[in-house]
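**Student:** My questions all concern the structure below.
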Amino acid sequence: RGEDRYSMTLLATSDNPHFVASRFEVDYEGITYTAETLRRLRKVYPSNVEFFFITGADAIADIVTWKDAQTVAELAHFVAATRPGYELSRAQKVIADSPYDFKVTYLEVPALAISSSYLRSRVQNGQSLRYLTPDSVTGYIHKHGLYGADTTPLN
Numbered sequence: 097r098g099e100d101r102y103s104m105t106l107l108a109t110s111d112n113p114h115f116v117a118s119r120f121e122v123d124y125e126g127i128t129y130t131a132e133t134l135r136r137l138r139k140v141y142p143s144n145v146e147f148f149f150i151t152g153a154d155a156i157a158d159i160v161t162w163k164d165a166q167t168v169a170e171l172a173h174f175v176a177a178t179r180p181g182y183e184l185s186r187a188q189k190v191i192a193d194s195p196y197d198f199k200v201t202y203l204e205v206p207a208l209a210i211s212s213s214y215l216r217s218r219v220q221n222g223q224s225l226r227y228l229t230p231d232s233v234t235g236y237i238h239k240h241g242l243y244g245a246d247t248t249p250l251n
């Protein structure tokens, strides 16, 4: 599964020179925690390289409970993409009340109510992912039969 996630991330970001997909967690033996991954990345990349952790705004409030949350706060800048209908004030309050100095940018994406669960559900129900994810990622999902996908992609 990690290999598939890496491959899809690589496909989705390959046309943007500002993104680099890392194999750190894919190749690591054992359980990986974000704080440890960030420490390992910091040793490899120069200090002027910033690490951004992109996630849904609905998941951002959970970072305060992560293992070694203080290290995570020190080493990464979070980008929380909002989804329609999500009440952002809850996440903002949790982050503001945290004892750690999390750097979070809230990115409003008003037209996209897309989650990974939603995409997997569409694949499992034989529905198209067109316009919801890059065509290269959709092709990969079908080629590898991920999430119960038919090996013939739908348009």
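Heads up: the sequence shown runs through residues 97 to 251, numbered per this note's numbering.
Glycine residues also receive a C-beta, built at the ideal position from the N, C-alpha and C atoms.
Within this structure, are the beta carbons of V205 and T229 separated by less than 9 Å?
**Tutor:** Going by C-beta atoms, V205 is not nearer than 9 Å to T229.
**Student:** To the nearest angstrom, report how far apart T167 and V175 are at their CA atoms.
**Tutor:** The alpha-carbon atoms of T167 and V175 are separated by roughly 17 Å.
**Student:** What is the rounded straight-line gap between the Cα of K189 and the Cα of A169?
**Tutor:** K189 and A169: Cα-Cα distance of roughly 16 Å.
**Student:** Determine, using beta carbons only, whether D154 and A187 come nearer to each other than 9 Å.
**Tutor:** Yes.
**Student:** Where does I150 fall in DSSP's three states?
**Tutor:** Strand at I150.
**Student:** Let me make sure I understand the geometry here. Which of T161, S217, Y227 has the alpha-carbon closest to that of L242?
**Tutor:** With distances taken between Cα atoms, L242 lies closest to S217.
**Student:** What does a CB cutoff of less than 6 Å around L203 pick up in its chain, not counting 5 residues either side in sequence?
**Tutor:** Excluding positions up to five away in sequence, the list reads V175, A177.
**Student:** In three-state DSSP terms, what is L203?
**Tutor:** Looking at L203 - three-state DSSP - the assignment turns out to be strand.
**Student:** By alpha-carbon positions, which one of H114, L215, V219, I237 ends up nearest to V145?
**Tutor:** Residue H114 is the option with its Cα nearest to V145.
**Student:** So is T229 in contact with chain C if we call contact Cβ pairs under 9 Å?
**Tutor:** The structure shown contains no chain C; it holds only a single protein chain.
**Student:** For the ligand FMN, any of its heavy atoms closer than 8 Å to the Cβ of F148?
**Tutor:** Only the bare structure without any ligand can be found here, which leaves the ligand FMN out of the picture.
**Student:** So the alpha helix (DSSP H) K165 belongs to, where does it begin and stop?
**Tutor:** It should be noted that the sequence gives Ala, not Lys, for residue 165. Here the alpha helix (DSSP H) through A165 covers 165-171.
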